[in-house]
DNA sequence: GTCTATACCCCGATAGAC
DNA sequence: GTCTATCGGGGTATAGAC
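Protein chains in written order, with the numbering used here: chain A, 1 to 204; chain B, 1 to 204.
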């Protein structure tokens, strides 16, 4: 047989390299428990790697690992956004679908899996510039994906850019509120209001 | 003289009791550093108290202290909301003012002081039911304050309740985005969009 | 690249004098 | 109510064999 372990595999069925497994484990654990709440030993264990391997790939230690974890979360959510925005040409409907998707992810994980970068970013604010920069880049990327879709739907350049800000802010806040309240309500309602807001800028 | 120390005083100039000083220090530190990032010894030091005093008032340890800290943050933000909503009868203008106030607090603290409950709640999600409940109650209280103001401005009962959800979600998310990006933009824009959304539900 | 052992530090919590 | 001393455990990070 070509693979000799039970380690995680990617979506093509290939075995994942050690570095990739470590980054994924770090991203998931920090998403759920925050930066300070997640230990390097726990990450190594979850990734089926040894402490030595972790420091081999991330000589900068926990901070360097957190930067990679945030970038991984960045791409993860960017993928979801791209998928939802391309499947539905009407951005208002796409935003409703996005909220539904986030709510589903929250519910099926028993309200554990919120935004993949928020907890890490918030727990290191003001004391780890590298992590903070990676988080800021993630937010900016998500905004530009949303802005592009809004422009494609005929919304004016400036309006689209500003709307994208509020779309990301509201998605973040509603996911947070849903997680804290253990309820899908905040996300369901946010989807409706974002759709209404976006429609109010559509040309007629 | 009536007070013999340099300890913190309340707004009437009276010296604060030990318990109150500890709660305030815990609230501020956890707001900035999260639950796991804040040590009990650090809290005691910041509050001019000893470790023994902290455990005297909070025999339940760090978790019990965190619950008190979240409740303190709850009242802190509720006070801001009440002030802004009562100073300006038009809720749309009040929301803009609220965003301006949050942005100012963030900027003047060098982007350290975000929402007083978010970091604590997020860092303990799913493993400290008491803290989570206190955070959920805070969100619910803030929502009901906003809903009341919206109803007073003539917005229908159901619309007001749903709008209040999105107002709190968006305020939370925009404050988070502003903190991560170290920019007032997300809050400035959120204020405009929330005002537009609220106006769209006003009777004419 | 992978693994084990360990140095060193700080954590939450407790005990008991005052 | 306040204070100091300390326990037991877990944290990050490193050293060095393989």
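Positions of the beta carbon are idealized from the N, C-alpha and C atoms, including for glycine.
Under the rule that 16 or more other beta-carbon atoms within 10 Å means buried, what is residue i, buried or exposed?
i, result
"residue 203 of chain A", "exposed"
"residue 91 of chain A", "buried"
"residue 52 of chain B", "exposed"
"residue 72 of chain B", "buried"
"residue 123 of chain B", "buried"
"residue 121 of chain A", "buried"
"residue 1 of chain A", "Because the pLDDT at residue 1 of chain A is just 41, under 50, the model does not fix this residue reliably, and the value given afterwards should be weighed accordingly. Residue 1 of chain A is exposed by the Cβ-count criterion."
"residue 108 of chain A", "exposed"
"residue 160 of chain A", "buried"
"residue 41 of chain A", "exposed"
"residue 87 of chain A", "exposed"
"residue 172 of chain B", "buried"
"residue 110 of chain A", "exposed"
"residue 59 of chain A", "exposed"
"residue 37 of chain B", "buried"
In whole angstroms, what is the alpha-carbon distance linking residue i and residue j?
i, j, result
"residue 169 of chain B", "residue 23 of chain A", "30 Å"
"residue 114 of chain B", "residue 179 of chain B", "7 Å"
"residue 185 of chain A", "residue 35 of chain B", "26 Å"
"residue 69 of chain A", "residue 49 of chain A", "16 Å"
"residue 157 of chain B", "residue 201 of chain B", "11 Å"
"residue 47 of chain B", "residue 21 of chain B", "5 Å"
"residue 27 of chain A", "residue 66 of chain A", "8 Å"
"residue 175 of chain B", "residue 136 of chain B", "18 Å"
"residue 102 of chain A", "residue 151 of chain A", "23 Å"
"residue 30 of chain B", "residue 112 of chain B", "11 Å"
"residue 104 of chain B", "residue 45 of chain A", "43 Å"
"residue 64 of chain A", "residue 56 of chain A", "12 Å"
"residue 130 of chain A", "residue 117 of chain B", "24 Å"
"residue 192 of chain B", "residue 177 of chain B", "16 Å"
"residue 140 of chain A", "residue 75 of chain A", "12 Å"
"residue 127 of chain A", "residue 18 of chain B", "29 Å"
"residue 138 of chain A", "residue 16 of chain B", "43 Å"
"residue 25 of chain A", "residue 85 of chain A", "28 Å"
"residue 32 of chain B", "residue 43 of chain B", "12 Å"
"residue 4 of chain A", "residue 54 of chain A", "Because the pLDDT at residue 4 of chain A is just 40, under 50, the model does not fix this residue reliably, and the point stays unresolved."
"residue 182 of chain B", "residue 142 of chain A", "17 Å"
"residue 189 of chain B", "residue 133 of chain B", "31 Å"
"residue 125 of chain B", "residue 197 of chain B", "31 Å"
"residue 262 of chain B", "residue 96 of chain B", "This structure does not reach residue 262 of chain B, given that chain B is present from 1 up to 204, and the question cannot be answered."
"residue 39 of chain A", "residue 39 of chain B", "16 Å"
"residue 199 of chain A", "residue 100 of chain A", "18 Å"
"residue 155 of chain A", "residue 153 of chain B", "30 Å"
"residue 119 of chain B", "residue 61 of chain A", "23 Å"
"residue 106 of chain B", "residue 98 of chain B", "12 Å"
"residue 187 of chain B", "residue 77 of chain B", "16 Å"
With DSSP as the reference, label residue i as helix, strand or coil.
i, result
"residue 153 of chain B", "coil"
"residue 15 of chain B", "strand"
"residue 23 of chain A", "helix"
"residue 201 of chain A", "coil"
"residue 4 of chain B", "With a pLDDT of 40 at residue 4 of chain B, under the threshold of 50, the predicted position of this residue should be treated as unreliable, and no value is reported."
"residue 109 of chain A", "coil"
"residue 55 of chain B", "helix"
"residue 183 of chain B", "coil"
"residue 177 of chain A", "helix"
"residue 89 of chain B", "coil"
"residue 117 of chain A", "coil"
"residue 158 of chain B", "helix"
"residue 50 of chain B", "coil"
"residue 66 of chain B", "helix"
"residue 71 of chain B", "helix"
"residue 36 of chain A", "coil"
"residue 190 of chain A", "helix"
"residue 123 of chain B", "helix"
"residue 60 of chain A", "coil"
"residue 135 of chain A", "helix"
For this session: Give a yes or no on contact between the region 136-155 of chain A and the region 163-177 of chain A, applying the rule of three or more CB pairs nearer than 8 Å.
Result: yes
For this session: Check whether the region 81-95 of chain B touches the region 75-94 of chain A, counting contact only when three or more Cβ pairs, one atom from each stretch, lie closer than 8 Å.
Result: no
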